[in-house]
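Just so it is clear: in the sequence shown, position 196 is 233 by this note's numbering, and no numbers are missing. Heads up, the beta-carbon is just placed ideally off N, CA and C, and yes, glycines get one too. Have a look at the structure below before the remarks.
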Amino acid sequence: MSDTASPQSTGPDTAAGYRPTERTVPTRSRDRAAYDRELVHSILDEAYVCHLGFVRDGAPVVLPTLFGRVGERLYVHGSTGSRPLRETGRTDPGLPVCLTVTHVDGLVLARSAFHHSINYRSVVVHGIARTVTDPQERRTALDAIVDHVVPGRSADSRPADEKELAATAVIRLDLQEVSAKIRTGGPNDEPRDLTLPHWAGVVPLAHGYAAPLPSDDLDPAIGVPGYITAL
């Protein structure tokens, strides 16, 4: 089912955060759950890839894909031949989905095998994905997806032409039923294990960028844009 509402027509349940629901309250480690809007946005904005889950022919399917955020909405695009994007347009009021992102920040090594873990930041979004048909919202969504990868890139590239737009489907998911979950700190060893002769601690993981590699057919006169060197 298509919808032409503006990207700013929806918002969080409270000024500061999202209201917990039965689906967004974890059954384990509830102290790691968070519903702060700015925290959720920061985790989403730092991720390049999300995983989009839905049910197809009675079986679960999870697809990795790019996405973009505009205010309280997430946008995903793909070929008009893509099954989930086709099903979104055929289903009223839309396609029930679950979208997730995860950052791994460290490997947590405990003295016991049982207490090994990772430090992470994650977001889970439940909701109904709807097809975007409004031309301006579609362009806004596609620009947001490009800029999500490298901020500023959409203004420094040729926009999609009519043929490309006709071959591209866009769906949106409102940020309403949302939760974040975070683990930080070291291992949680049992007191009886603290004297064992095994190394314990955290191996941090860091994200970084190497030097940009120009395309083989790039005009040598075209330098690396500032928004890329800023990375």
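Scanning Pro-63, Val-92, Ala-53 for the CA closest to the CA of Arg-74 turns up Ala-53.
Your pair Val-77 and Gly-90 does not check out as a contact, with CB atoms roughly 18 Å apart and the cut at 8 Å. Contact between the stretch 244-260 and the stretch 159-167 is absent, with fewer than three C-beta pairs closer than 8 Å. When secondary structure is reduced to three states using DSSP, Asp-253 falls in the coil class, being assigned neither helix nor strand.
For the set Gly-118, Asp-180, Gly-223, the Cα lying nearest the Cα of Pro-241 is the one of Gly-223.
Of the candidates His-88, Ser-119, Val-134, Val-134 places its Cα closest to the Cα of Arg-60. C-alpha of Asp-129 to C-alpha of Leu-231: approximately 57 Å in a straight line.
Uninterrupted beta strand (DSSP E) stretches at least 3 residues long and entirely within the stretch 79-147 occur at 86-93, 96-103, 105-107, 110-116, 132-146, given in chain order. Between Ala-147 and Asn-225 the beta-carbon gap is near 7 Å, inside 8 Å, which marks them as a contact. Short of 7 Å from the beta carbon of Cys-87, and not among the five residues preceding or following it, lie these beta carbons of its own chain, in chain order: Thr-102, Phe-104, Leu-136, Thr-137, Val-138. In this structure, DSSP gives Asp-198 a state outside helix and strand, which the three-state scheme calls coil. Annotation for Thr-64: no alpha helix (DSSP H) segment contains it, and DSSP assigns it neither H nor E.
Per DSSP, the unbroken beta strand (DSSP E) holding His-163 starts and ends at 154-169.
Between Asp-211 and Arg-110, the CB-CB gap stays under 8 Å. In the assembly as shown, Asp-180 is a buried residue. Its beta-carbon has 16 or more other beta-carbons within 10 Å. For Ile-182, the enclosing alpha helix (DSSP H) starts and ends at 172-186. Where Gly-238 is concerned, the enclosing beta strand (DSSP E) starts and stops at 238-241. In the three-state scheme derived from DSSP, where H, G and I count as helix and E and B as strand, Leu-76 is classed as helix. Residues of the same chain with a CB within less than 6 Å of the CB of Tyr-246, apart from the 5 flanking positions on each side, are Leu-268 in chain order.
Only residues of its own chain outside the window of five on either side were considered, and among them Arg-190, Ser-191 have a CB closer than 6 Å to the CB of Val-183, listed in chain order. Secondary structure of Arg-229 (DSSP, three-state): helix. Burial state of Ala-203 is exposed, judged by a 10 Å Cβ sphere holding fewer than 16 other Cβ atoms. Spatial neighbours of Ala-84 in its own chain (CB-CB distance under 7 Å, excluding positions within 5 residues in sequence) are listed in chain order as Val-138, His-140. Within its own chain, the residues whose Cβ lies closer than 6 Å to the Cβ of Pro-121, once the five positions on either side in sequence are excluded, are Phe-91, listed in chain order. Just so you know, the alpha carbons of Gly-238 and Pro-63 end up roughly 26 Å apart.
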